[in-house]
Structure formats: structure tokens, C-alpha cells
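Asks:
Residue numbers (the working numbering), protein chains in the order written: chain Y, 3 to 332; chain Z, 3 to 332.
Set out below in C-alpha cells:
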């Protein structure tokens, strides 16, 4: 069986050379353990942060050890009385074709309620991120204007739909006309801006948001954040959820200072990490599942096939090749 | 009688040439009005923002019209039944030796409870700024570490003392050894850093705050803010109260992008403008007055004499020539 190790901490953009496929013997579960077969692997921008050797909200990945992320796996052998052969589970697990785990740290999921891959996306960390980011930091009120970057992405597309459920005007930013079209037709955004073809993103935001921005859900950072800040209303809130545009920089990049703008407009900017709110995951997932059943929330996913393609799928995130949640089906 | 007009919107650092002394006739109060004689004039960094022609939290000053700020004045004639000759009032008033006002927009102050100049400082907007900034944004808890910039200034010196009252470790940043000495001996700070002589402010902060920073009360912005962010703890709060280090820049200056740090450490940065909390002024001033009576809060003021010296006193703020509240006694 194969496993994927991190063998190099990349400077700048990661490449396939940072990963190595290693052959291992398929493990045998001890008493109390489960043997899992990997079915779906989540690849996410935040993993880039874990490839660094520096303190972050989550411990760095070890060098010459397996990569890890959220997975859906099938229990193919159980020596734990809480799990049975044929159960499906999710958890933060290793990039291995097979692995043994104790019965802790994995949660059962129901294949009949939603497709298994959804538990890595809309009913997993990305859906919860969208919901709790808006809930805990956004303080979004009916009638306000919500701007979302990475709008066609896994988190952004859910954020926009929740904004519409809450009765807000929702504008999205994404990197292709196809994506802009999709956020409007599939996800119900009121408008969209293609940041790759715009002449002046700040002007385009001003035109799309004539009443200014009350809440900006930021998945990208960088110059799009600058343009959003320039268009925020007094008492605006910025949910700093991601900064994919700068994750590959080896030094902190420079940008216009924000402190003058924050003071002038009494703006709140707050870093959001979904892991800070683990105790709220249950109610959040229930709410999203309810909205899905009511037909108010839909989702996109890009499913890449094959264990060997996990590293490339991860790299493709930084090119924006996914729409919606990027998942690898093993 | 004299009045001081703004005659030029400065690019960069303001100068005496931006002001003009204009002779006017002393006004006569109409029915319902008061005639005021200016006694004390508050000069404050935020006034720099009002000299620009751009939207801010407070309207721009008009060109070729009188400057204005918080004043203490004496009622020398009253045609309003709520005020009497000999009353003292504060309010946002013009830089004029004498002026008439309607009975609204000024508040009586009691000369027997505190020196009149204190109503422009510790018992005025600066004291309230310190108190409400910590209260509304800082969410300061006992045992936490509080870092304050502009620590010997009008706001900073009160912030530090409130931090000590709340049972926190308090470190201040200021621009001379004399100021550092004063914040420790007079205001009870646990330590101080002279940013003008430090080799590496980030290292000095790290050494002074071995447990990291939980709350940073920022009066200066710029590189000191960068150094503070580098030393913030997870869930840290930054109160963006002032940014005097960048107020004189004609374009927004560049600095290291903050979004990655905010996300990594779940930091909240929030612009604070005391005028957003007018309804809380009463209880805030009462609390500060109580602490003063208990001997827990003291204050510094730099009193410059003479109406003609108001513009120079304002300019001296940007050189850090004041310690504590800068006030002009007319």
C-alpha cells in the first residue's frame, strides 16, 4: 500500500517534489483499533500553512512523515465495539491507502443522508467554516451588503447562500467568467466580479455595492482585501478566513497599511479559524443539513480520481482549478 | 479679538503656514445665546485628519474658516436661562478668543471638583477614550498582558493605569528615556520601551512580555503596530485608537500585510473612535473621577500659554513634545 510523505518545506509555491510516495505494509489492527480504507481525501488551502515549520493555529506537519487532512474512510475491520465493518467515518487522518486508528478522533457518517464526499465539504469543515464565520464574527443583519471572495470556492459558495438566506445583498469575487456565472445562477449571488479581467477592482466593487460593504468574508487576502477595505461602510466587519493569495509568499508581503482605515471607519477585522469553535460544530452542521433539505443550499465539488493524484489536486487549489470543494476519490 | 483659520490643507506635516490669525469684532449674544471667553484649548492628533478634504469619522474642517476643537470657556454674558455669568462650560468650539453659542452643545463643568484643564483630558475625551477603548474593544481580563503605545501621552497614560487597576501586566512604549521613567514611576507601568533607542523593537517587546501580548492599545500605528502584532497571543485584541505615526503621510503608507497574522492567531483588530459611544460618556467619566478620588489615577498635562501659540502647540504633538494632555491656556 502507498502513503504520501512531506519531504521538503517549500519556499514559495509548493511542487510535486515536496511530496514522496512511500510503500508500506498494510497494517493490522490491534485490540480496540479499526482498519480503515481511505475513500475520499480533502485537500484545502490551509494545508499550505502546515507545511511551514512555524507556529500556526495547527501544528506543523512533520518532515518525512505522512501528510494528513480530513478524510472519509470505510471500516474494513474492527476490533473496537463501537464500530463495525462497513461503517463510514471522517476524521483528521493520514494520506495512506489504509491505516489503523483507535476508536477516538473519528466520527461515523451516514451514506444515506448525503453523498460521502459532502462530509468533507458542505457538511464538513468547509460548511461549518462558512456558517460559523458569519455567525461568530460577521454579525450579519438583514438588508446589509455582504462581499465574498473566493466566491465559487468551497467556503465562499456556502457563505453567499447563507447571506441570501439572511436577506442580504450578496456580491462575489472569483477568477473566471465561468465562476462568476455559476455564483449567480447556481448559488443565487446578486452579482459578481472577475478579479482577473477587471480594470479596477475597487471601482467595480463600488459599482456592485452602491450602499457600501457591511461584511466582507475574505478567503484570499492581498489586493482584493485592500479593495474591499476601501469600500467598507462605517462599523464594517471583515472575517479574515483565508489568505490564499499570500500563502505561498516566503516573507510577509507588503500592502497598504490598514490602521488608518480601521480607525476612520470603526472597522473590525478578525482572524477566523474554525477549530476555535469545535463545540459549535454540531448545531452548525444540523442547520446546514436542514437548509439543504429545504433546497436553500446547494454545493459544488471538484472530484479528482486516484490516490496518486492527491498532491496535484492540492497544488491545483492555488491555480483556482477547482470549483467548490476539491476532493480526491481514491 | 482674534480667531485662527485653516487656510491650507497640508500635504504631509502641517506647518504654521496652514493657519492664519484673523481679526474679528467681538460678537454680541442674541436672545438664547451665551457669550463665551476661551480659557483652555485642547489640541489633539485627530485634528490632523480633519484638515484633509476626505471623509472621516468627523467632518473635514472648512478652509478659510475657524479651526475648532474641545475648549473650556467662561460664560461672560448669558441670554439663556440655563446658564449664568461665571459658569464654566466645555464643548466642541471655535479657536476664537470670544464666541457666541446657543445653549446647546456645551456642558457645564465644576471648577471645584477638578482643575478646568482636566475637563479637556482625564475627565474629557482623552480619559473617556482610554476607558471605553479598553472596555468596548479590549475585553481586558485580570492577569493578562497589556501593551500601550504613546504610553506617556494623554490617552496612553490613563490606559496603563486602568490596566493596573484591572490587575494586568502593563508595558508601555514611548519616545524618550524621560517618558519611560515617568510611566514607570508616576503611572505604575511594569516596564517600558524607548522606541527611538531600541535596536529591535519586536525583540524588546518579546523580552518585556514573556507571556506574549493579550491586548495592544495602539495610539501610533506603523512599525510599532507591526512589532506588537508579531508578539500577540492567540485571541489577542488590538484597539486601533490612533495612528499618529502615519497621519502626516499624503498616501497610505505600505507595511507588512496583517491578514496572515490575524488568521494564524485569531486576532481581532478594531478601529476605535470615542464618538461612537457618546451614550457611555457619563458612566465612564464618573468611573474615572471615582478612581481619581481613590488616588488610583493621576495624569500629566503640558500647558502652553497664549492664544497665539495654539497652532505651534498642535504641531508639537507630532514631535512628541507634550507629555500627557497638550492644552493651551489662553
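No residue lacks a Cβ here, since even glycine has one placed at the ideal position from N, Cα and C. Given the structure is predicted, the values throughout are model-derived calculations rather than measurements.
Measuring CA to CA, which of Y:273, Y:179, Y:293 and Y:150 is closest to residue 268 of chain Z?
Replies: Y:273
Asks: Applying a beta-carbon distance threshold of less than 8 Å, which residues of chain Z neighbour residue 268 of chain Y?
Replies: 59, 272, 273, 274, 275 and 278
Asks: In chain Y, which residues lie with their C-beta within 8 Å of the C-beta of residue 264 of chain Z?
Replies: 242, 271, 272 and 273
Asks: At a Cβ cut of 7 Å, what residues of the stretch 246-264 of chain Z count as close to chain Y, listed as they run along the chain?
Replies: 248, 254, 255, 256, 257, 258, 259, 260, 261, 262 and 264
Asks: Would you verify that the beta carbon of residue 140 of chain Y is, or is not, closer than 9 Å to some beta carbon of chain Z?
Replies: no
Asks: Note down, in chain order, each residue of its chain lying with its Cβ closer than 7 Å to the Cβ of residue 169 of chain Y, except the 5 sequence neighbours on either side.
Replies: 144 and 145
Asks: Would residue 308 of chain Y be called buried (16 or more neighbouring beta carbons within 10 Å of its own) or exposed?
Replies: exposed
Asks: For residue 5 of chain Y, report the span of its beta strand (DSSP E) as first-last.
Replies: From DSSP, the beta strand (DSSP E) with residue 5 of chain Y extends over 4-8.
Asks: Taking all protein chains shown into account, do 16 or more other C-beta atoms lie within 10 angstroms of the C-beta of residue 55 of chain Z, making it buried, or fewer, making it exposed?
Replies: In summary, residue 55 of chain Z is exposed, with fewer than 16 beta-carbon neighbours lying within 10 Å of its beta-carbon over all protein chains present.
Asks: Look at residue 119 of chain Z and residue 329 of chain Z and say whether their C-beta atoms are less than 9 Å apart.
Replies: yes
Asks: Going by DSSP, name the residue or residues bridged to residue 80 of chain Z.
Replies: Z:36
Asks: With distances taken between CB atoms, is the gap from residue 35 of chain Y to residue 81 of chain Y smaller than 9 Å?
Replies: Result yes, Cβ atoms of residue 35 of chain Y and residue 81 of chain Y sit closer than 9 Å.
Asks: Hey, is the stretch 278-286 of chain Y in contact with the stretch 35-45 of chain Y, meaning 3+ C-beta pairs nearer than 8 Å?
Replies: no
Asks: For residue 205 of chain Z, report the span of its alpha helix (DSSP H) as first-last.
Replies: 203-210
Asks: So which residues of chain Y does residue 134 of chain Z contact, with C-beta pairs closer than 7 Å?
Replies: Within chain Y, no residue comes near residue 134 of chain Z; the closest Cβ sits about 12 Å away, beyond 7 Å.
Asks: Looking at residue 320 of chain Y: is its Cβ nearer than 9 Å to the Cβ of residue 246 of chain Y?
Replies: yes
Asks: Do we get a CB-CB distance below 9 Å when we pair residue 320 of chain Y with the residues of chain Z?
Replies: No, residue 320 of chain Y does not count as interfacial toward chain Z.
Asks: Go through the stretch 71-142 of chain Z residue by residue and report every complete run of the alpha helix (DSSP H) that reaches 4 residues or more, in order.
Replies: Entirely contained in the stretch 71-142 of chain Z, the alpha helix (DSSP H) runs reaching 4 residues are, in chain order, 127-135.
Asks: Put residue 331 of chain Y into one of helix, strand or coil per three-state DSSP.
Replies: strand
Asks: Who are the neighbours of residue 127 of chain Y on chain Z, taking C-beta pairs under 9 Å?
Replies: Within 9 Å Cβ-Cβ: nothing; residue 127 of chain Y doesn't reach chain Z, min ~15 Å.
Asks: For residue 179 of chain Z, which residues from the same chain have a beta carbon less than 8 Å from its beta carbon, with the 5 sequence-adjacent residues on both sides left out?
Replies: 196 and 199, listed in sequence order.
Asks: Beta carbon of residue 276 of chain Z, beta carbon of residue 231 of chain Z: below 9 Å?
Replies: no
Asks: Looking at C-beta atoms only, is the number of pairs between the stretch 11-31 of chain Z and the stretch 65-76 of chain Y that lie closer than 8 Å three or more?
Replies: no
Asks: Give the secondary structure of residue 235 of chain Y by DSSP, where H, G and I count as helix, E and B as strand, and everything else as coil.
Replies: DSSP, reduced to helix, strand and coil, places residue 235 of chain Y within a strand of the structure shown.
Asks: What would DSSP say about residue 51 of chain Z, mapped onto helix, strand or coil?
Replies: When DSSP states are grouped into helix, strand and coil, residue 51 of chain Z belongs to the helix group.
Asks: From this set, Z:290, Z:217 and Z:68, which residue's C-alpha is nearest residue 140 of chain Z's C-alpha?
Replies: Z:217
Asks: Of all the options Z:14, Z:9, Z:5 and Z:10, which has the alpha carbon lying nearest to the alpha carbon of residue 27 of chain Z?
Replies: Z:5
Asks: Measure the C-alpha to C-alpha separation of residue 298 of chain Z and residue 126 of chain Z and round it to an integer number of angstroms.
Replies: 17 Å
Asks: Can a CB atom of chain Z be found closer than 9 Å to the CB of residue 213 of chain Y?
Replies: Residue 213 of chain Y does not count as touching chain Z.
Asks: I need the boundaries of the beta strand (DSSP E) containing residue 22 of chain Z, first residue and last residue.
Replies: Segment 21-25, the beta strand (DSSP E) holding residue 22 of chain Z.
Asks: Could you name the residues of the same chain whose beta carbon sits closer than 6 Å to that of residue 158 of chain Z, not counting the 5 residues immediately before and after it, in chain order?
Replies: 150, 152 and 221
Asks: For residue 9 of chain Y, tell me which candidate among Y:29, Y:25 and Y:66 has the shortest Cα-Cα distance.
Replies: Y:66
Asks: Going along chain Y in order, which residues have a C-beta closer than 9 Å to the C-beta of residue 38 of chain Z?
Replies: Those within 9 Å of residue 38 of chain Z in chain Y number zero; the least Cβ separation is about 31 Å.
Asks: My guess is that residue 50 of chain Z and residue 250 of chain Z are in contact by the Cβ rule of under 8 Å, so how many angstroms apart are they, rounded?
Replies: The C-beta distance from residue 50 of chain Z to residue 250 of chain Z rounds to 7 Å, short enough to fall under 8 Å.
Asks: To which residues of the same chain is residue 104 of chain Z closer than 7 Å at the C-beta, ignoring the five residues directly before and after it?
Replies: 34 and 35
Asks: Alpha carbon to alpha carbon, how far is residue 243 of chain Y from residue 135 of chain Y?
Replies: Cα to Cα, the separation comes out at about 7 Å.
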